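Below is one structure, written out as structure tokens; comments come after it.
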Amino acid sequence: MLAIWPVPCEMLDWEVIYQYTRKQTLEDGVLIDVSNTAKEAGFRYPIAVTKAVWEDIITPDFKSRDCGQSEEGRLWDILQMCLLAARTCSEPELRFQVLVVFNGHQKKIVTLKAICHPGDDMEPVVTIMLPNED
Numbered sequence: 235m236l237a238i239w240p241v242p243c244e245m246l247d248w249e250v251i252y253q254y255t256r257k258q259t260l261e262d263g264v265l266i267d268v269s270n271t272a273k274e275a276g277f278r279y280p281i282a283v284t285k286a287v288w289e290d291i292i293t294p295d296f297k298s299r300d301c302g303q304s305e306e307g308r309l310w311d312i313l314q315m316c317l318l319a320a321r322t323c324s325e326p327e328l329r330f331q332v333l334v335v336f337n338g339h340q341k342k343i344v345t346l347k348a349i350c351h352p353g354d355d356m357e358p359v360v361t362i363m364l365p366n367e368d
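Going by the working numbering, the sequence shown opens with residue 235, and the numbers climb by one from there.
Here it is as structure tokens:
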């Protein structure tokens, strides 16, 4: 599990034994950077999605792909719904829903979670994940 602390351990006078940075999670494929598309969608901060979101939600199954579903379209839908939810939320964590097509025709409302938190250099970043992910 990926845990991102809202306050760096150094500020709590804790001794840091090991820190798994956002940069490392991106390099390792635990997070996928979608910042370029997010910027086009209207986001100001760097955005990443978890591998689980990419594989389970953004990547369409074969039947859905045959019906016109694509990674680009699903990512755009997720980013647009997240942006709409963010406009009415002042908390660092928000939940939002997106309609996803599975098996070519089955529509399902999926809940996702977005967290705005400090990046490696304390800059604001956003991570979109499944509700059960940290």
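The beta-carbon is built from N, C-alpha and C at its ideal position, and this holds for glycine as well.
Please read these numbers as outputs of a predicted model, since none were measured by experiment.
- In the three-state scheme derived from DSSP, where H, G and I count as helix and E and B as strand, MET363 is classed as strand.
- Per DSSP, ASP267 is one residue of the beta strand (DSSP E) stretching across 265-267.
- Within the model, the alpha-carbon separation for PRO280 versus LEU265 is close to 12 Å.
- Fully enclosed beta strand (DSSP E) runs of no fewer than 3 residues occupy 265-267, 281-284 of the region 259-298, in order along the chain.
- For VAL344, the closest C-alpha among the options GLY338, GLU325, PHE330, ASP355 is that of PHE330.
- In this structure CYS316 is buried. Its beta-carbon is surrounded by 16 or more other beta-carbon atoms within 10 angstroms.
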